[in-house]
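Just add 9 to the spot in the sequence shown (first one is 1) and you have this note's numbering. First the structure, in the form of structure tokens, and then the observations on it.
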Amino acid sequence: MEGSNPTLDVGASFREVFRAATGQTPYPYQADMATGVDLPNLLRVPTGSGKTAAAVLGWLYRRRFHKDERLRERTPRRLVYCLPMRVLVEQTVDVIRDWLKRLNLTDQIVVYQLMGGVVQEDWVQRPARDAVLVGTMDMLLSRALNRGYAVGRSRWPVEFGLLHNDCLWVLDEVQLMGNGLATSAQLAAFREKLGTLRPCHSMWMSATAALEWLRTVDHHGSLSELHLTKEDLTGGLGERLHAPKTLRRMKVSRWPEEGPRHVLDLHRPGTLTLVVVNTVERARKIFDGLGRLTPAGVELRLLHSRFRPPDRRAAVKEVLAPTTGEGRIVVATQVVEAGIDLSAATLITELAPWGSLVQRFGRCNRFAEHADATVAWVDLRTEKEAAPYFWEELTEARKELETLEGRSVSPAVLESLGPGRPPQVRHVIRRMDLVDLFDTESDLAGNDVDVSRFIRDDADVDIHIYWRRWDGDHPPPDFRAPSPEELCPVPAWEVRQFLENRGRSRREADAYIWDHLERQWRTVASNDLRPGMTVLLAAEVGGYAPRVGWNRELRTPVDPLKQADGPAEPEDSIEDDPVEEVAGAWVPLVEHLRRVRDHVARLLDELGLVLEDWERQAVLSAALWHDVGKAHNVFQEALLQLATESERADRRNQVWAKAKSGRGHLVYGRRYFRHELASALALLASPMEVHGLQGAALDLAAYLVAAHHGKVRLAIRALPGERRPNDPGRRFARGVWDRDEIGPLRLDGITLPRLVLHLSPMEAGRGPDGQPSWAERALRLRDQLGPFRLGFLEALVRLSDWEASAEEREESDA
């Protein structure tokens, strides 16, 4: 057996499941959530009360063990656990994996980690499998807005479709989410109004939130809340909730300059002292000052969000290790406010919004192991010091603290004070914004809609940086794509300032991004940096050290992380689908088309999707037609270039979907050729007696065909630098020319006649034959089905193609 407990069956009690997973007895509120008819919108319990276990094991019980089959069926397959900060993610992932191991479910339910620096993209590839996704709101909300950070543009629609269907969204520590809180509420409202194909529920959690926080311009219906009952306040939980911790104001005239001396005065040998400040700059100043003053034997550690993953893990491990000797002093930013089971005997905190202070207080005497504990707070007196918070928030929190001077700030006392001020929201996404984001095409200048304002405050959005060494003026084109371990998240404004201060005269001061169309590196100006970008810097430029993380003042070269062994993955591979047209064997086109159609049919049945007949027919037809465009001469000639001269003549007797070669990309006779556009045009050019589709069914099938690589969706547009036809006025787009021909081709028992492709749909208005333009078809379809339904169907066709291609590769390797 994989876990430490016997395997439990359907019908087991929640108490049995909880004890098997955790070794503890559930609190009454945890059992209520797992066994109730409906899940609450808000779970409001004090910090340290086990809300992560309530949410995760509650979902798991409803999905896998509840005796009511209908409840199990309507419980979503995917649990999406959204956290405001990346430091919380790894610990949450480890805890959930341990619970699943104890329940012998590791082989059945996979836990994926999505945060800045770690994006496990394979989570999308098995949509019928139960899974847990744990990630930061940057990673998750950007994907829910169809602009996924740290992932190629072509992947955006797949993740968008999956995250709005068959998911239970759990949004933890919502008092820290700012604009992201309003966005999550608006998305929940949009799903209800625009419709989904599988249930998708949202639940928010916090110690200090109120139901009113969840009410937005569109999310304002009946909302429910679950909180502690009288039965919860007894036993071990009651002891935690009443753990003593006395509040006092720290009188310091010059902060943070004099901070280290005051910290050492309060530190108790053999215990943990936690110092929490609001900015990384002040944390570094206090840490550096302590390094000069702290006596031997006292451990010092700095913890904030701007570390590469291996260095961050090392820091967290040291922070959580048992305290020995003269004790430990940890200087941290807001990253310790939630999710980390840290218990300090002494807590020193800067003034912060009330909700943040409550979370920080929860890191002091968390397990009631100290007979007495101290919480000291440092006032901030000027608006300049308030960032990243609003001055009004700090003013209100100061008044609250002054009333508690000399009293205990235990969870029980704080609970009686009620919720604090809701997070200030500057940007609220509206329905039209969401609908417009369904289109992933960049504008004519190559720019994308910046969704960062809907996720975090304007100044709190990240770019991911990694450092490498190379010879010459530019990075080599065959550089391996950055591993998750290399990436360091840094606010965009800091990167801009860093580059401007270094100057652009030296090579190492340049920032580089990969141009996926041109397949080469290009420099990016500081004012062109956007949140979510992945940027390469030369190691010589500095800016980072393992124990202190990102620091724009550091001039010493950065030590790049060693690259993993194995074949190099090219930088541009993150933009493409996981299985290329270059495979391990020659695969006939008709065989591949049938295989994908069969996979789609099976997937629809596994998911239990309730589709209208015309919708199901359109989806299956899209699977059968998705690669018909590979019969185009441009594609076949590109494949044949991979054959040896001796076998090329024989290969011409068949139409192929994939070729056997070690080369990673096809070289087309026409630049930017897209076979899926040719496939969609072939479907539209075919007579109805061939495909049996009309009206919305034809529109849906054609759209799913064109969109199955994520590169041709709502618009058909030529790209700069395309090869133009010799005929003046002849339309062209993505390597397809007006009046190109495909066929004849045998397809599933039907012979497709010779088809003439027409690009008139790329024009605005009706074509010469009176047929609607491509944009009209696609937009009408989007509005008829809704973006979430259409996005889900789009994802399913693409994933079926990936799965079929993976099977073909495995068979060729066998």
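Here a beta-carbon is modelled for each residue, glycine too, at the ideal position from N, C-alpha and C.
- Taken in chain order, the stretch 714-755 contains no complete beta strand (DSSP E) segment of 3 residues or longer.
- Take valine 340, set aside five residues on each side of it, and the residues of its chain with a beta-carbon closer than 6 Å to its own are Val284, Ala292, Ile295, Phe296, Leu311, in chain order.
- Under DSSP, lysine 667 takes part in a beta bridge, and its partners are Val596.
- Glutamine 506 carries a helical assignment under DSSP once its states are collapsed to helix, strand and coil.
- CA-to-CA, the gap between aspartate 445 and glutamate 785 works out to about 14 Å.
- Per DSSP, proline 566 lies in no alpha helix (DSSP H) and is assigned neither H nor E.
- Nearest C-alpha to asparagine 188 among Glu646, Arg462, Trp595, Leu633: Arg462.
- Look at glutamine 529 here: in three-state DSSP terms it is strand.
- Cβ-Cβ separation between leucine 256 and glycine 415: approximately 7 Å, consistent with a contact (criterion under 8 Å).
- According to the DSSP secondary-structure assignment, glutamine 122 is paired through a beta bridge with Val143.
- DSSP places valine 89 inside the beta strand (DSSP E), whose first and last residues are 87-92.
- When Cβ pairs closer than 8 Å are counted between the two stretches, the stretch 220-239 is seen to touch the stretch 181-196, the count reaching three or more.
- Judged by beta-carbon spacing, threonine 358 lies within the 8 Å limit of tryptophan 386, meaning their Cβ atoms are closer than that value.
- Classified as exposed, glutamate 615 has fewer than 16 neighbouring CB atoms from the shown chains inside 10 Å of its CB.
- The three-state reading of DSSP puts methionine 214 in strand, counting E and B together.
- Alanine 520 has Leu546 as its beta-bridge partners, per DSSP.
- Burial check for lysine 239: the Cβ neighbour count within 10 Å stays below 16, so the residue is exposed.
- By the criterion of at least three beta-carbon pairs nearer than 8 Å, the stretch 389-398 is not in contact with the stretch 265-274.
- Scanning its chain for C-beta atoms nearer than 6 Å, with the 5 sequence neighbours on each side dropped, one finds around serine 211 the residues Trp178, Ala197, in chain order.
- Proline 696 carries a coil assignment under DSSP once its states are collapsed to helix, strand and coil.
- In the three-state reduction of the DSSP assignment, tyrosine 677 falls in the coil class, being assigned neither a helical nor a strand state.
- Put simply, of Tyr38, Phe801, Pro734 the residue whose alpha carbon is nearest the alpha carbon of tryptophan 165 is Phe801.
- Looking only at Glu234, Gly170, Leu235, Ala218, the smallest Cα-Cα distance to glycine 204 is reached by Gly170.
- Ranked by Cα distance from alanine 354, the options Cys373, Val458, Pro362 are led by Cys373.
- About 18 Å separates the Cβ atoms of valine 664 and leucine 686, ruling out a contact at the 8 Å cut-off.
- Arginine 511 has its alpha-carbon roughly 11 Å from the corresponding atom of leucine 563.
- The Cβ atoms of histidine 601 and alanine 666 sit closer than 8 Å to each other.
- Restricting attention to alpha helix (DSSP H) runs no shorter than 4 residues, the stretch 775-816 encloses them at 783-794, ordered along the chain.
- In the displayed model, proline 166 falls within a helix according to three-state DSSP.
- A distance below 6 Å between beta-carbons, with the five flanking residues on each side excluded, links aspartate 227 to the following residues of its chain, in chain order: Gln195, Ala198.
- For histidine 229 against phenylalanine 797, the beta-carbon gap comes to about 20 Å, at or over 8 Å, which does not count as contact.
- Per DSSP, isoleucine 295 is one residue of the alpha helix (DSSP H) stretching across 289-302.
- Per DSSP, valine 285 is one residue of the beta strand (DSSP E) stretching across 281-285.
- Distances from the alpha-carbon of phenylalanine 488 to those of Tyr521, Val499, Glu25, Thr760 put Tyr521 closest.
- Under the DSSP definition of a beta bridge, tryptophan 476 partners with Leu546.
- Per DSSP, leucine 180 is one residue of the beta strand (DSSP E) stretching across 176-181.
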